[in-house]
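Numbering (our numbering), first residue to last: 24 to 456.
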């Protein structure tokens with residue numbers, strides 16, 4: 024359409040894709056030997072469940088048709104650990120592997136590169152019952168599971184992502200209790216942080232031993248600023264930057280945790296065993312970056328964390344209430360470049376929830392703004408290899424249930440009917456030009 028916003032060209036070989044997560048789309052929670060996950064019974068804010076979601080376990084061919092139709096040359100999806108090992112241990116379930124085998128075959132037949140996320144928050148419930156990510160043994164079990172997936176899919180998968188957003192999973196699942204498994208441990212949640220990162224390192228070693236290449240991890244990252252010139256706000260912003268960004272990036276990119284770790288998590292040093300840093304800090308082939316918005320932070324004596332977020336004034340917001348600041352993506356990538364010896368980068372998630380319409384010009388403007396900001400970072404020297412829009416489909420948005428719609432494709436959650444939005448056509452115009 025002539026009135027679509029202009030977006031700069033991207034380099035040859037750039038991967039254009041969309042992203043999903045198993046628990047958010049698959050449904051069929053009891054099919055083919057799948058075990059229970061920590062999310063199966065976790066209460067949402069409105070009573071929704073993921074029993075059906077978008078029914079993608081049965082309708083995956085429809086989703087591949089949509090990927091092909093939008094011009095995607097890559098698809099980031101996650102494997103559900105409980106489908107591969109019902110209780111998180113032991114021999115793999117062939118029926119679960121068969122499902123992803125068929126999906127990968129069809130993607131390859133359509134010229135769409137499979138990008139597999141091994142863990143997108145759906146821990147087998149049996150492992151949670153044994154301590155979950157607070158238990159160091161869970162990290163070893165994750166490496167075993169990763170090797171099983173590679174043994175079946177490794178000859179065709181182009182990108183391996185060990186974890187999606189370990190900060191969110193640890194912070195909301197173990198620190199604040201707002202996501203599964205719902206533990207509220209505050210500063211005592213560091214074992215979950217460390218064992219998630221350790222499991223990344225162990226899985227990376229297992230994958231490499233089996234011959235895998237192109238292995239990375241996806242972090243959700245954000246540029247963070249103090250809400251005012253007050254010194255206490257600068258301290259609060261640095262504290263949050265340390266928690267969200269540095270505690271998760273420094274170990275994998277620098278081979279060590281940032282200074283001040285024990286101030287964030289008292290006793291954290293006691294959790295770290297000799298040799299862990301080397302395991303976690305094994306070189307990455309790429310870094311996955313999920314970007315949604317920046318943060319303004321101010322000190323707060325009333326918060327158990329010591330800080331709170333301030334509102335961004337004068338900018339539009341998504342239906343989720345998130346500020347829309349595309350230039351924050353440029354800033355974030357340049358800060359990463361300056362802070363680390365940065366490997367190649369993929370934007371593994373970027374997108375927004377908006378009102379449930381098909382004429383979704385707000386989503387088009389969002390995508391155009393962020394892609395323009397991404398091109399600016401490339402022009403400034405950041406090696407960005409691809410962009411995955413979140414999301415291909417409206418889906419089950421964790422604790423929000425079906426209330427937030429992120430899809431290029433609208434889903435009728437009663438019938439499963441899929442209807443491409445205008446943003447789908449806009450994304451196709453970029454991916455196929």
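Just so it is clear, CB atoms sit at the ideal spot from N, CA and C, and this is done for glycine as well.
{"Query": "Under the three-state DSSP convention, the category residue 275 falls into", "Result": "helix"}
{"Query": "8 Å Cβ cutoff met for residue 375 and residue 341", "Result": "yes"}
{"Query": "When 338, 347, 208 are compared against residue 16, the one with the closest alpha-carbon", "Result": "Not covered by the structure: residue 16. The range shown for the chain is 24 to 456."}
{"Query": "Through-space distance from residue 422 to residue 219, alpha-carbon basis", "Result": "21 Å"}
{"Query": "Buried versus exposed call for residue 207 [16 or more other C-beta atoms within 10 Å across all chains shown]", "Result": "exposed"}
{"Query": "Where residue 249 falls, given that 16 or more other Cβ within 10 Å makes a residue buried", "Result": "buried"}
{"Query": "Contact set for residue 128: own chain, Cβ-Cβ below 8 Å, skip 5 residues either direction", "Result": "179"}
{"Query": "Secondary structure, alpha helix (DSSP H): runs of 4+ residues fully inside the segment 383–418", "Result": "384–402"}
{"Query": "Cut-off 7 Å between Cβ atoms - residues of its own chain near residue 382, not counting five sequence neighbours on either side", "Result": "445"}
{"Query": "One or two residues paired with residue 140 in a DSSP bridge", "Result": "101, 184"}
{"Query": "Residues bridged to residue 312 [DSSP beta-bridge criterion]", "Result": "242, 370"}
{"Query": "Opening and closing residue of the alpha helix (DSSP H) in which residue 48 lies", "Result": "45–48"}
{"Query": "Three-state class that DSSP yields for residue 30 in the structure shown", "Result": "coil"}
{"Query": "Bounding residues of the beta strand (DSSP E) (the contiguous stretch that carries residue 194)", "Result": "Premise fails: residue 194 is in no beta strand (DSSP E) and is neither H nor E."}
{"Query": "Own chain, CB closer than 6 Å to residue 197, minus 5 neighbours either side, in chain order", "Result": "206, 208, 212, 215"}
{"Query": "Distance between residue 272 and residue 364 (C-alpha atoms, nearest Å)", "Result": "11 Å"}
{"Query": "Limits of the unbroken alpha helix (DSSP H) element including residue 157", "Result": "Here residue 157 belongs to no alpha helix (DSSP H), and DSSP marks it neither H nor E."}
{"Query": "CB contact flag (residue 304, residue 369, <8 Å)", "Result": "no"}
{"Query": "Between the CA atoms of residue 434 and residue 291 - distance to the nearest angstrom", "Result": "44 Å"}
{"Query": "Beta-carbon proximity check, residue 108 vs residue 115, cutoff 8 Å", "Result": "yes"}
{"Query": "Nearest to residue 307 (by Cα), restricted to the options 287, 319, 226", "Result": "226"}
{"Query": "Cross-strand partners of residue 331 (DSSP beta bridge)", "Result": "321"}
{"Query": "Check whether residue 246 and residue 336 have beta carbons under 8 Å apart", "Result": "no"}
{"Query": "In DSSP terms, what residue 39 is bridged to", "Result": "410"}
{"Query": "Status (buried if at least 16 other CB within 10 Å, exposed otherwise) for residue 32", "Result": "exposed"}
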